[in-house]
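Sequential numbering from 0 applies to the sequence shown in numbering that gives the first Met the number 0.
Ideal Cβ positions, reconstructed from N, Cα and C, are used throughout, including at glycine.
A quick write-up on the structure given underneath.
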Amino acid sequence: MEPLGESVCPYCGVGCRLAFEGVKNQVLRVRGVEAAPANLGGICAKGAQLGPTIRTADRLTKPQLRLSRHDAFRSVDWDTALRYAAEIFTNLLHTHGPQAVAFYGSGQLDTQTVYLITKLFKGHLGCNNTDSNSRLCMAAAVAGYRTSLGCDGPPTCYDDIELADLILIMGSNMAEAHPVTFDRIRASKKKRPEQQIVVIDPRRTVTALAADLHLAVAPGGDIALLNALGKILINIGAVDRAFVGDHTRGFEEFRQFLQAQDVNELSAVAGVAPGELFALASRIAEAGSLLSFYCMGLNQSTVGMWKNNSLINLHLLTGQIGKPGAGPFSLTGQPNAMGGREGGLLSHQLPGYRFVEDALHRAELEAFWQRPKGTISQKPGLTAVEMFRALEKGQLKALWIAGTNPAVSLPDLHQVRRALQKAQLVVVQDVYHPTETTRLADVILPVAQWGEKDWTSTNSERMVSYSPKLWDPPGEALPDWQILARFAAALGFEGFNYSDAGQVWDEFIQLTKGRPCDMAGATSERLRDVTSLQWPCPTPDHPGTKRRYLDKVFGTPDGKALFLPRDHREPREVPDHEFPFILTTGRLYTHWHTLTRTAKADKLVKREPGPFVEVNPEDAGQLGVDDGDLLQISSRRGTVQLPARLHTGVLPGMVFLPFHWGDQFCEGNAANYLTISAIGRVAKQPELKFCAVALEKVRSDHPQLTTNHSPLTTHQP
Ligand code: SF4
């Protein structure tokens, strides 16, 4: 066995650096790198089991093309595949204009790829229809930071964990979704038993079990809970008057807004007793430093941005921001969700934290890319859910998908499937085939994955990391960025001729110069040497920045952060007599997104072999359901049948479904056949955590659901 090198883990936003050992490109052992600031040697089961996911029988090795959805795919060469897609794109652009095409990407894509998508679609096709599955994870956090603090991006870092007196975890099951960061919290608590961990979550998750205090907020009751805390904090005199006076705006309006609300009424909406709210408020008031982690539980809501604003209001009120051990810390789900934001992948963004609505930003980009004035449209493009709606209506005609599996991960899957079937052209860049999405494609392009290319990514704490190519990709698979560059050339554009990933990176970081996410000092040469740097890092000798806003100057025009009064709003679809239960969805420790990778690791599959629905025993008793019984779950959009898992950790009236398993593993029973595609007004993030469902026990002679985790044999070459 020999060392094969190091790479950032391709799974979650913690961004662990992992070291691989084996023979040639056969990975036999994986361990966390001790010197890596993101994980300090830590690793979780998913990272440790990357070996079996690298060379599998379903790895794509050549481009695949079919002229009709009734045909089988045939292997073609790269020129044929890209010329075919380019001809259809050119015709559609000529006939219908740039609104007829779109790109749906992912937080899995490296920053080089994200940058080239933006450059090609926004800067050359005049099409802002680029979005990402990050829209499903953290668009509300982006909008929350921007509206409250004037600028996106977390102010905090992982090193704040040991310095915080109180760690508040809200709407995040970190122990399963960001395990290495949660391990660090556990270790910190062990060293400092006086450190307080508070979890606010409707479910008694593994994270909640480790907390000093768990408040089981009613699903959708987050804003009411945060407002109650805000009011109590003001009433008990916990306001940091100096900070609020010098560095914020809108406090008086916020105070009046809260004074008009009744804590008992807020407590009823939040489903948390007033006594518990007072107890938590006292802990916050007494804490020298408050660090809050949050994730999908706050974000995946039609009022996700408001939930973010409401949490940030508490940090402003208590002055718990811009100092060590304190601040609102939005966790990102994917390894490069942050890089997507920096590179301008979301439909309203441009590279370097710029925005399509801003005339100056458009002009800067057009000049940099040497494009005619007015090339970049000022209208934000379609977001994730909107793309699939437009596709079904026929307004959007061609969709290019990369690094994501929307036929499992988007809400309202029946609609998503109808939309993809209606498209004139679906191109999918992926590592594996078949997936639920590649099965609906016209062109499939084989991708070199994480260990098979040079790439750059940014984790949850703004840490930019370089990962080198460790072994060759199979067959003709190419890095995503090269596929985009070749497609741009097939469309007839110049300016996409790059020698390597470093050259793309060095071009991109020029666009961050002087911007909030300044990475001008993190050149590819320097990153190859030091491996990782936290932005802002404006000059080649700059050490990087652990914490933002230490000077208390925020990203607003006058540098002051904003209190934003936000009222409780009901979720878009509430339970009624027909659909009396609340469905919430989420992740499990052992699996990643739609199982394209983790289903190939037997050790992970053994731990969680198939989908299930978690039901409170009280509800189960009323339905006559025992552990393991097959339960039918129906919403206004679909019906699935899954084995019941009785668990007191879900509140009565609520059920939980992990969203990992798609049609490849349990045909027709994916969680997202049920979920609602309602989206927020500003962040446009779908409400994946809340919809109304009905439950019914399936007849006892109904055949048990079986899952198939090994449709494809895994092997190492
Ligand atoms: Fe990978 Fe996340 Fe696990 Fe770290 S915590 S090894 S980044 S999945």
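- With a beta-carbon spacing of about 13 Å, cysteine 536 and threonine 530 fall beyond the 8 Å limit used to define contacts.
- Judged by pairs of C-beta atoms under 8 Å, the region 510–524 does not touch the region 3–18, as fewer than three such pairs exist.
- In the displayed model, serine 531 falls within a strand according to three-state DSSP.
- In this structure the region 691–698 touches the region 576–584; the number of beta carbon pairs closer than 8 Å is three or more.
- As the crow flies, the alpha-carbon of leucine 162 is around 23 Å from that of alanine 140.
- In this structure isoleucine 235 is exposed. Its beta-carbon is surrounded by fewer than 16 other beta-carbon atoms within 10 angstroms.
- For the region 610–684, the full-length alpha helix (DSSP H) segments reaching 4 residues or more read 616–622 and 662–665 along the chain.
- 8 Å or more divides the Cβ of threonine 331 from the Cβ of isoleucine 283.
- Excluding the 5 residues flanking it on each side, alanine 487 has same chain C-beta neighbours closer than 6 Å at Leu119 and Phe495, in chain order.
- With a threshold of 7 Å, the Cβ atom of glycine 46 counts as near the ligand SF4, since some heavy atom of the ligand is closer than that.
- Rounded to whole angstroms, the gap between the alpha carbons of asparagine 127 and arginine 65 is 28 Å.
- Secondary structure remark: continuous alpha helix (DSSP H) runs of at least 4 residues inside the region 268–308, in chain order: 273–285 and 295–298.
- For histidine 177, the Cβ falls inside the 7 Å cut-off from some heavy atom of the ligand SF4.
- Per the C-alpha coordinates, the member of Asn671, Pro201 and Asp499 positioned closest to proline 610 is Asn671.
- Taking 7 Å as the cut-off, the C-beta of tyrosine 465 does not count as close to any heavy atom of the ligand SF4.
- Classified as exposed, leucine 27 has fewer than 16 neighbouring CB atoms from the shown chains inside 10 Å of its CB.
- Proximity of the beta carbon of valine 13 to the ligand SF4 is indicated: a heavy atom of the ligand is located closer than 7 Å.
- Here leucine 587 is actually not in contact with proline 542; their C-beta atoms are around 38 Å apart, not less than 8 Å.
- Contact between threonine 110 and glycine 338 holds, since their C-beta atoms are separated by about 4 Å, short of 8 Å.
- Under the three-state reduction of DSSP, threonine 382 is assigned to coil, being neither helix nor strand.
- Counting every other CB atom within 10 Å of its CB across the protein chains shown gives aspartate 411 a total of 16 or more, marking it as buried.
- Per DSSP, reduced to three states, the secondary structure at serine 408 is helical.
- When secondary structure is reduced to three states using DSSP, proline 51 falls in the helix class.
- When rounded, the separation of the alpha-carbon atoms in glycine 104 and glutamine 258 is 44 Å.
- Lysine 118: member of the alpha helix (DSSP H) spanning 110–120, first to last residue.
- Three or more beta-carbon pairs separated by less than 8 Å link the region 586–605 to the region 43–56, which places the two stretches in contact.
- Closest in alpha carbon position to phenylalanine 250, among Gly229, Gly648, Pro9 and Met462, is Gly229.
- For glycine 104, no alpha helix (DSSP H) encloses it; the enclosing beta strand (DSSP E) starts and ends at 100–104.
- Under the 8 Å Cβ criterion, the region 442–450 counts as touching the region 464–479, having at least three qualifying pairs.
- Only buried fits lysine 121, as 16 or more other CB atoms lie within 10 angstroms of its CB.
- Restricting attention to Arg203, Pro201, Ala207 and Asp200, the CA atom closest to the CA of isoleucine 184 is found in Ala207.
- Rounded to whole angstroms, alanine 237 and glycine 270 show a C-alpha spacing of 24 Å.
- In the three-state reduction of the DSSP assignment, arginine 30 falls in the strand class.
- Within the region 528–589, the beta strand (DSSP E) runs of at least 3 residues that lie entirely inside it are, in chain order, 531–533 and 580–585.
- CA-CA distance, glutamate 493 to glutamate 435, rounds to 35 Å.
- Counting only runs that start and end inside the region 455–485, the beta strand (DSSP E) elements of at least 3 residues fall at 462–466.
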